[in-house]
Amino acid sequence: MTKKTTSTKPSSAAMQLTAEQLKERIVRHLHATLGTDINKASPQAWWRATCAAVNESVFDGLRTTQREHYQQDTRAVHYFSLEYLMGRLFSNNLHNLGLYQSAKQALAELGHDIAELEDQEEDMALGNGGLGRLAACFIDSLATMNLPAVGYGIHYEHGLFQQEFQAGRQIERPDSWREYGNPWEICRPESVQEISVYGYVETVYDLQGRMKKVWHPGRIIKGVPWDIPVVGYHGSSVNVLRLWESRASDFFNWDVFNSGGYVDASRENIEAETISKVLYPNDETEAGKELRLIQQYFFCSCSLKDIIRRYKRAHGDDWSKFPEQVVIQLNDTHPAVAIPELMRILVDRADMHWDEAWGICQQVFAYTNHTLLPEALESWSVRMFEKVLPRHLEIIYEINRRFLLEQVDVRWPGDNDKKRKLSIIEEGHEPMVRMGHLSVVGSFRVNGVAEVHSKLVQSDLFPEMVALWPEKFTNVTNGVTPRRWLKACNPRLSSMLDRLIGSDWPTDLKQLSKLAAYADDPKVQDDFMAIKQQNKADLAKVIQDLTGVAVDPAAIFDIQIKRLHEYKRQHLNLLHILALYRRILQNPDYDMVPRVFIFGAKAAPGYKLAKEIIYAINKVAEKINHDKRVKDRIKVVFMPNYRVTLAEKMIPAADVSEQISTAGKEASGTGNMKLALNGAITVGTLDGANIEIAEEVGEDNIAIFGLTVDEVKALRQSGYHSRDYYHNNPEIKAVLDWLETDYFTPGKPGELAAIKHSLLEGGDPYLVLADFEGYQAAQQQIDGWYRDKAGWAKKAIMNTACVGKFTSDRSIQDYVDRVWQLKPCKVD
Ligand code: 7GP
Numbered sequence: 013m014t015k016k017t018t019s020t021k022p023s024s025a026a027m028q029l030t031a032e033q034l035k036e037r038i039v040r041h042l043h044a045t046l047g048t049d050i051n052k053a054s055p056q057a058w059w060r061a062t063c064a065a066v067n068e069s070v071f072d073g074l075r076t077t078q079r080e081h082y083q084q085d086t087r088a089v090h091y092f093s094l095e096y097l098m099g100r101l102f103s104n105n106l107h108n109l110g111l112y113q114s115a116k117q118a119l120a121e122l123g124h125d126i127a128e129l130e131d132q133e134e135d136m137a138l139g140n141g142g143l144g145r146l147a148a149c150f151i152d153s154l155a156t157m158n159l160p161a162v163g164y165g166i167h168y169e170h171g172l173f174q175q176e177f178q179a180g181r182q183i184e185r186p187d188s189w190r191e192y193g194n195p196w197e198i199c200r201p202e203s204v205q206e207i208s209v210y211g212y213v214e215t216v217y218d219l220q221g222r223m224k225k226v227w228h229p230g231r232i233i234k235g236v237p238w239d240i241p242v243v244g245y246h247g248s249s250v251n252v253l254r255l256w257e258s259r260a261s262d263f264f265n266w267d268v269f270n271s272g273g274y275v276d277a278s279r280e281n282i283e284a285e286t287i288s289k290v291l292y293p294n295d296e297t298e299a300g301k302e303l304r305l306i307q308q309y310f311f312c313s314c315s316l317k318d319i320i321r322r323y324k325r326a327h328g329d330d331w332s333k334f335p336e337q338v339v340i341q342l343n344d345t346h347p348a349v350a351i352p353e354l355m356r357i358l359v360d361r362a363d364m365h366w367d368e369a370w371g372i373c374q375q376v377f378a379y380t381n382h383t384l385l386p387e388a389l390e391s392w393s394v395r396m397f398e399k400v401l402p403r404h405l406e407i408i409y410e411i412n413r414r415f416l417l418e419q420v421d422v423r424w425p426g427d428n429d430k431k432r433k434l435s436i437i438e439e440g441h442e443p444m445v446r447m448g449h450l451s452v453v454g455s456f457r458v459n460g461v462a463e464v465h466s467k468l469v470q471s472d473l474f475p476e477m478v479a480l481w482p483e484k485f486t487n488v489t490n491g492v493t494p495r496r497w498l499k500a501c502n503p504r505l506s507s508m509l510d511r512l513i514g515s516d517w518p519t520d521l522k523q524l525s526k527l528a529a530y531a532d533d534p535k536v537q538d539d540f541m542a543i544k545q546q547n548k549a550d551l552a553k554v555i556q557d558l559t560g561v562a563v564d565p566a567a568i569f570d571i572q573i574k575r576l577h578e579y580k581r582q583h584l585n586l587l588h589i590l591a592l593y594r595r596i597l598q599n600p601d602y603d604m605v606p607r608v609f610i611f612g613a614k615a616a617p618g619y620k621l622a623k624e625i626i627y628a629i630n631k632v633a634e635k636i637n638h639d640k641r642v643k644d645r646i647k648v649v650f651m652p653n654y655r656v657t658l659a660e661k662m663i664p665a666a667d668v669s670e671q672i673s674t675a676g677k678e679a680s681g682t683g684n685m686k687l688a689l690n691g692a693i694t695v696g697t698l699d700g701a702n703i704e705i706a707e708e709v710g711e712d713n714i715a716i717f718g719l720t721v722d723e724v725k726a727l728r729q730s731g732y733h734s735r736d737y738y739h740n741n742p743e744i745k746a747v748l749d750w751l752e753t754d755y756f757t758p759g760k761p762g763e764l765a766a767i768k769h770s771l772l773e774g775g776d777p778y779l780v781l782a783d784f785e786g787y788q789a790a791q792q793q794i795d796g797w798y799r800d801k802a803g804w805a806k807k808a809i810m811n812t813a814c815v816g817k818f819t820s821d822r823s824i825q826d827y828v829d830r831v832w833q834l835k836p837c838k839v840d
């Protein structure tokens, strides 16, 4: 590779900061902020001093951005999300400020390797998976595009658990990402909010005889905001991610405390602080727990009060401009309780008429759906809702009463089935509040996250709502930030792109299409594959360190990274690995390109079968990796503790990207985009954004297999019998039976039988066996393609060249055009 000649345009905040000046800053902070000296400072202290040095530029940008937004009284989007899966911020902030090279040089001159210091940072893992990582990509794009935006969420003390394997089984360990403080966050005691829960509602009448509802809360909780600056790329905006931490309210416990009840008072403290203690580790399953509802309400209420405080500073008690200034995006239904909360504030506190208040609400909220899985559709028992938020339940009843009367009954007069189906309250033995219905009724726009998903949201999930309000529904296909997912994580490929197509691609990803002109150029092919090879060698070291398994970078690196879920079908991948292994044992000369199958996935702690699948993969890996007869044609590795930081090391090294969900189940996927962007070839079903990726890269450059959404529906309707596939395909039968023996778990037959049982007795709910044949054919196609070096290089290059659509900047522009109607605000 030639030496890097990037033209980095530094942001104004970090303008012209040389390595020399950075060195001065770092040493100054080592002394003045860390209270230590260059002779004795630990790597941790060096890292913190560098963060403090970087923060001088970050805070400059933050101040000017906030001043500009205030002076221009800008309309802003408020992204409400229970999850932000940020990862590390060190290199991200350096790259976005245009300071990475200077910092690298400065640290080198001070005797430190920047990569080693990067490893001092814990991941900020305040999210589970796709939904949380999408929120992180979106706030990066919003800042980069100079759009006024605030992210709101919870400042969890413990993020997603850390995963270890013990004898192949997943063990969860608590994550303490800020045990020793986090240099990127700023506490804002001046913006504390107080929120209420529990208690009862009293009906009173004022002097004019007007009825009023008064909520007497049972509990008051303090929300303390922590601000994380969000640095835009080479732009000038620094936005804010504001995360709320719960504390016991100050005045609440003093009586108890003073009368000697120290233990009681501190128990109440502990209970209040429990709210932001830990992220629920369930991906795509609804928890139904009281604490989770309180978490949702806590951050929504704090955030709304924060928005209103800021609005009032400019507009006083004149609410008429509120919908012009404020739009709130609900990241799935988790923050849907913000809708009745805003109604409560307007009707009960601001004394507004219901109709006027509802008019405001319906101009402010927009809702994104992220899944069709029934187990993820949130509903709360009326009983619990009433206990925690009695006034909000009344408000939801009133919203529902008017909706059924003024919309449903007008459209379908006297149709009680329609009413039952559309009611926000689901009747039954245990009446439930349906948060999806509430979100649609209370929002002016509803979107899915990929074309096919948005269609299914309309046709399968909310068809009657579409009949009532067709203009409400739209699509915004997901995207990922190319700053983190190419520029920062794959510096070799980034430099090559800068040389070939110029350095504008990080903010204009369609520029990548210029690369297509080089796809047949042997020199470019060689360079591209040489980079892939180096990235694979780097990953091989990481694999060796983390798992002790030696892998050959010349093999195909085949990667499946995502949460562990039956619908994502890691077990389909496993069955195929077993089939290959069996072919090798039956035919010692079996001809295949050597392949390393690499997994990364956490299972929800309570999701039994998901954990069994992890265990099975680990046990099969152990056996295959030690079997001399395999002659290294197959290696299997399960990377422990998959997280953003590990993804950044894996994605640049992937040859093959596994995107093999049952059609209709994966709303979009975003890992599929990151892998293709870095030149991996997708083996995928026609599901979620895979469909759009296939459209962009063309059928020569992707291995599509399996049932389509319509075929899945048809097969289910005609009656799916997984046993037929078991009996008719000897390979399927053999590998499933194998799992019941003690071959992989010596002396313990049946330990891996759970997978077979779910696929046979369990009825194979995700059609794994139906897609097996197609899957193995697609894998054979990959094997064939890889043998042709130039052909493969061309496909890999075409993947990078053709996925410019999937930048989160494009997603955000779609939200701006279709939902938010925001204008950028350039900051100098
Ligand atoms: C995920 C979807 O499963 C994934 O397909 C999509 O790319 C991602 O959201 C971002 O839109 N959903 C979740 O992570 C999730 O927790 C439950 O959904 C609400």
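Numbering (the numbering used here), first residue to last: 13 to 840. Note that CB positions come from ideal geometry on N, CA and C, so glycine has one too. From a predicted model like this one, the values you see are computed outputs, not experimental measurements.
Can you give me the Cβ contacts of residue i inside the same chain, cut-off strictly under 7 Å, excluding the 5 residues immediately before and after it?
i	result
K526	I513
F474	V452
G683	I573, K574
A805	Q537, F540, M541
CB residue i to CB residue j, shorter than 7 Å?
i	j	result
T3	I714	Residue coverage of the chain in this structure runs from 13 to 840, which leaves residue 3 outside it and unanswerable.
I767	L781	no
S288	E257	yes
A633	A666	no
L3	P241	Here the chain covers residues 13 to 840 and nothing more, so residue 3 does not appear.
I351	G454	yes
I568	V561	no
K802	Q537	For clarity, residue 802 is Ala in the given sequence; the question names Lys instead. Yes.
P494	P518	yes
Y309	V338	no
E660	C837	no
E130	S153	no
M662	I571	yes
G171	A137	yes
Grouping DSSP H, G and I as helix and E and B as strand, with all else coil, what is residue i?
i	result
S261	coil
H228	strand
T380	strand
C199	strand
D72	helix
N3	Nothing can be reported for residue 3: it is not among the residues displayed for the chain, which extend from 13 to 840.
I166	strand
S3	This structure leaves residue 3 out entirely; the chain is present only between 13 and 840.
R190	coil
L219	coil
I809	helix
R87	coil
Might you give, ordered along the chain, the residues of its own chain that have their beta carbon closer than 6 Å to the beta carbon of residue i, omitting 5 neighbours on each side?
i	result
I126	K116, L119
V66	N105
A462	T489, S680, G700, A701
Within a Cβ cutoff of 8 Å, which residues of the same chain sit near residue i, ignoring the five residues on either side of it in sequence?
i	result
Y409	I437
Q374	G454, S455, F456
Report task. Taking 8 Å as the threshold, find out whether the segment 421-440 comes into contact with the segment 325-343 through three or more Cβ pairs. Result -> no
Report task. Write down every uninterrupted run of the beta strand (DSSP E) in the segment 27-58 whose length is 3 residues or greater and which is fully enclosed by it, in chain order. Result -> none
Query raised in the report: Just checking, does the segment 45-62 make contact with the segment 809-819 on the three C-beta pairs under 8 Å criterion?
Result: no
Query - Ordered list of beta strand (DSSP E) runs contained in the segment 617-705, each at least 3 residues - result: 646-651, 668-671, 693-696
Requested in this report: Quick one: which unbroken beta strand (DSSP E) runs of 3-plus residues sit fully inside the segment 363-423? Chain order, please.
Outcome: 377-380, 391-393
Query raised in the report: Counting Cβ pairs closer than 8 Å, one from the segment 302-315 and one from the segment 191-202, do we hit at least three?
Result: no
Query - Those runs of the alpha helix (DSSP H) which lie wholly inside the segment 759-791 and span at least 4 residues - result: 765-771
Report task. Spell out a yes or no on whether the segment 618-630 and the segment 652-670 are touching, meaning 3 or more CB-CB pairs, one atom from each, closer than 8 Å. Result -> no
Query raised in the report: Unbroken beta strand (DSSP E) runs of length 3 or more, entirely within the segment 138-185: which are they?
Result: 161-166, 174-178, 181-185
Query raised in the report: Three or more beta-carbon pairs under 8 Å between the segment 29-47 and the segment 213-227, yes or no?
Result: no
Query raised in the report: Does the segment 587-602 come close enough to the segment 702-713 that 3 or more CB-CB pairs lie under 8 Å?
Result: no
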